[in-house]
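Peer 1:
There are 2 protein chains.
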Amino acid sequence: MRLTSKGRYAVMALVDLARFDGINPVSLRDISLRQGISLDYLEQIFSKLRKKEIVQSVRGTQGGYILNRKAKEIKLTNIFDAVDEKVKTVQCKKESKKGCNGKSTKCLTHNLWDELETHINNFFDKKSLDDLVKENLERRL
Amino acid sequence: MRLTSKGRYAVMALVDLARFDGINPVSLRDISLRQGISLDYLEQIFSKLRKKEIVQSVRGTQGGYILNRKAKEIKLTNIFDAVDEKVKTVQCKKESKKGCNGKSTKCLTHNLWDELETHINNFFDKKSLDDLVKENLERRL
DNA sequence: TGATACTTGACTATTTTGGTCAGGTTTATA
DNA sequence: TATAAACCTGACCAAAATAGTCAAGTATCA
Ligand code: FES
Ligand code: FES
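Quick note, the sequences are listed as chains C and H, same order. Per the numbering used here, residue 143 is the first one in the first sequence, and the count goes up by one each step. Per the numbering used here, residue 143 is the first one in the second sequence, and the count goes up by one each step.
#1: Are the stretch 257 to 267 of chain H and the stretch 187 to 207 of chain C in contact at 8 Å, needing three or more beta carbon pairs?
#2: For isoleucine 262(C), return the contacting residues in chain H, with the cut-off set at a CB-CB distance below 9 Å.
#3: Any contact of the stretch 217 to 234 of chain H with the stretch 242 to 257 of chain H, i.e. 3+ C-beta pairs under 8 Å?
#4: Just to be sure I understand the criterion: a residue counts if its Cβ is closer than 5 Å to at least one heavy atom of ligand 1. Which residues meet that?
#5: In chain H, which residues lie less than 9 Å from glutamate 277(C) when you measure between Cβ atoms?
#6: Under 7 Å Cβ to Cβ from alanine 160(H), same chain only, skipping five residues before and after it: list those, please.
#7: At what residue ranges does the stretch 149 to 224 of chain C contain a whole run of the alpha helix (DSSP H), taking only runs of 4 or more?
#8: Got a sec: is the Cβ-Cβ distance from aspartate 172(C) to anything in chain H below 8 Å?
#9: Is it the case that the stretch 154 to 172 of chain C contacts the stretch 199 to 209 of chain C, given that we only count it when at least three CB pairs across the two stretches are under 8 Å?
#10: Nearest-angstrom Cα distance between glycine 178(H) and histidine 261(C)?
#11: Since leucine 250(H) meets chain C, which of its residues come closer than 7 Å, beta carbon to beta carbon?
#12: Quick one: what does DSSP say serine 270(H) is sitting in, helix, strand or coil?
#13: Use the C-beta contact count for aspartate 163(C): other C-beta atoms within 10 angstroms, 16 or more gives buried, fewer gives exposed.
#14: On the three-state DSSP scale, how would you describe arginine 276(C)?
#15: Assign glutamate 227(H) to one of two classes, buried (16 or more other C-beta atoms within 10 Å of its C-beta) or exposed (fewer than that).
#16: Glutamate 227(H) versus chain C: which residues are under 8 Å apart at the beta carbon?
#17: Can you find the residues in the same chain that come closer than 8 Å, C-beta to C-beta, to glycine 205(H), ignoring five residues on each side of it along the sequence?
#18: Looking at tryptophan 255(C) and ligand 2, is the gap between the Cβ and the nearest heavy atom below 7 Å?
#19: Are there 16 or more other CB atoms within 10 angstroms of the CB of leucine 258(C), so buried, or fewer, so exposed?
#20: For tyrosine 151(H), tell me which candidate among Asp273(C), Ser246(C), Cys242(C) has the shortest Cα-Cα distance.
#21: Would you list, in chain order, the members of the stretch 183 to 198 of chain H that have their beta-carbon closer than 8 Å to a beta-carbon of chain C?
#22: Report the option in Glu215(C), Thr247(C), Lys245(C), Val225(C) whose CA atom is closest to the CA atom of phenylalanine 188(C).
#23: According to the neighbour-count rule (16 or more other Cβ atoms, all chains shown, within 10 Å of its Cβ), is isoleucine 165(H) buried or exposed?
Okay, here's the thing in structure tokens:
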């Protein structure tokens with residue numbers, strides 16, 4: 143069970159961006175340099191973030207990206223959703239009565255993984271981008 | 143972020159085994175049939191569980207595996223550890239001051255992933271094999 | 001009319017996963 | 001004591017997921 147770097151990068155980049163929010167659009171090139179993430183990869187990630195209306199793009203010279211909502215209203219859940227970093231503990235559908243890989247009943251541990259998923263999602267629901275920026279500022283003082 | 147089936151199978155198999163614990167050794171063949179897990183794969187998994195002293199093997203005809211500790215004392219953490227299903231949110235060492243892939247400092251989000259890891263491990267620390275067996279019995283009544 | 005920066009889609013190398021396969025060894029029991 | 005059940009080990013492999021790269025644009029500002 144591990145976190146993929148797509149999710150990690152998305153959050154890193156957004157925290158970076160949020161720090162400058164309201165001042166200028168931030169270019170991916172800058173984020174790439176500051177955070178050490180491949181520019182091409184960032185583009186893929188931001189394309190998804192834009193489609194989910196988490197960021198807005200500003201084209202042309204001096205362009206870049208800006209947040210599309212207040213940092214306080216962007217939860218980790220939203221970010222992870224946008225880049226397809228889902229928490230997947232099981233394959234079987236929650237609603238269906240069938241088990242994994244087409245079995246007729248749920249397996250012995252189905253309920254456990256369900257609980258786990260909820261437990262993790264709770265964490266993501268609570269944390270907002272704003273929280274992260276603030277925590278980061280505090281640590282620097 | 144997803145759970146691998148090695149971890150899932152390990153827990154499934156142990157719950158199955160625990161239900162018969164104290165009566166007979168349970169053969170992997172039986173578990174394989176009941177739970178629909180490849181026998182060869184189960185052998186790999188149980189080899190690890192044995193090395194970490196979670197189960198004991200009984201060789202020969204009528205052999206199989208038995209729990210090596212009380213079900214109450216086997217936490218999910220122990221099981222996951224044994225089969226190398228670790229919760230990995232970051233690459234960088236917790237203790238080291240260096241960041242991921244050799245960067246000189248920790249990244250903006252390091253602390254966040256650390257919290258997440260703790261949050262997940264809390265869940266695994268609380269659940270014991272015994273809990274799972276009981277929950278399962280209740281649901282059948 | 002550059003230069004900057006976003007946009008898109010296809011492609012690819014590496015790693016991880018989820019196994020299989022072959023060939024053992026041990027031991028109860030018929 | 002033979003034999004079959006069951007554990008034991010290590011090598012091997014195909015498919016999927018990951019973590020990108022590459023190429024060829026388009027929009028906008030100075
Ligand atoms: S049936 Fe849902 S996890 Fe096995
Ligand atoms: S430095 Fe530890 S997560 Fe980035």
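By construction, the Cβ of each residue, glycine as well, lies at the ideal position given by its N, Cα and C atoms. These numbers were taken from a predicted model, which means no experiment stands behind them.
Peer 2: Based on what the coordinates show:
#1: no
#2: Within the first sequence, numbered from 1, the residue matching residue 262(C) stands at position 120. Residues of chain H passing the Cβ test: Met143, Leu258, His261, Ile262, Phe265.
#3: yes
#4: Val232(C), Cys234(C), Gly241(C), Cys242(C), Lys248(C), Cys249(C), His252(C)
#5: Start at 1 with the first residue of the first sequence, and residue 277(C) comes out as number 135. Going along chain H in sequence order, the residues near glutamate 277(C) (Cβ under 9 Å) are Asn253, Leu254.
#6: Taking the second sequence and counting its residues from 1, one reaches residue 160(H) at position 18. Once the five neighbours on either side are set aside, the close Cβ partners of alanine 160(H) are Leu209, Ala213, Leu271, Val275.
#7: 170 to 177, 181 to 193, 218 to 224
#8: By one-based count along the first sequence, residue 172(C) stands at place 30. For aspartate 172(C), the answer is no, since every Cβ of chain H falls outside 8 Å of its Cβ.
#9: yes
#10: On the second sequence, position 36 is the one that residue 178(H) refers to. On the first sequence, position 119 is the one that residue 261(C) refers to. Roughly 28 Å between the two C-alpha positions.
#11: Residue mapping note: residue 250(H) aligns to position 108 of the second sequence, counting from 1. Met154, Val157, Asp158, Asn278, listed in chain order.
#12: Start at 1 with the first residue of the second sequence, and residue 270(H) comes out as number 128. Looking at serine 270(H) - three-state DSSP - the assignment turns out to be strand.
#13: Locating residue 163(C) in the first sequence gives position 21, counting from the first residue. Result: buried.
#14: Here residue 276(C) refers to the residue found at position 134 when the first sequence is read from its first residue. Before going on, a small fix: residue 276(C) reads as lysine here, not arginine. Lysine 276(C): helix per DSSP, three-state reduction.
#15: Translated into positions along the second sequence, residue 227(H) becomes position 85. By the 10 Å Cβ count, glutamate 227(H) comes out buried.
#16: Walking along the second sequence from the start, residue 227(H) turns up at place 85. Residues of chain C passing the Cβ test: Met143.
#17: Position 63 of the second sequence, counted from the first residue, corresponds to residue 205(H). Excluding positions up to five away in sequence, the list reads Pro167, Ser169, Ser199.
#18: By one-based count along the first sequence, residue 255(C) stands at place 113. Flag unset: Cβ of tryptophan 255(C) not near ligand 2.
#19: In the first sequence, counting from the first residue as 1, residue 258(C) sits at position 116. That one is buried.
#20: Start at 1 with the first residue of the second sequence, and residue 151(H) comes out as number 9. When only C-alpha atoms are compared, the closest one is Cys242(C).
#21: none
#22: The residue labelled residue 188(C) in the question sits at position 46 within the first sequence. Measuring from the Cα of phenylalanine 188(C), the nearest candidate turns out to be Val225(C).
#23: Along the second sequence, one-based indexing puts residue 165(H) at 23. By the neighbour-count rule (16 or more Cβ atoms within 10 Å), isoleucine 165(H) is not buried but exposed.
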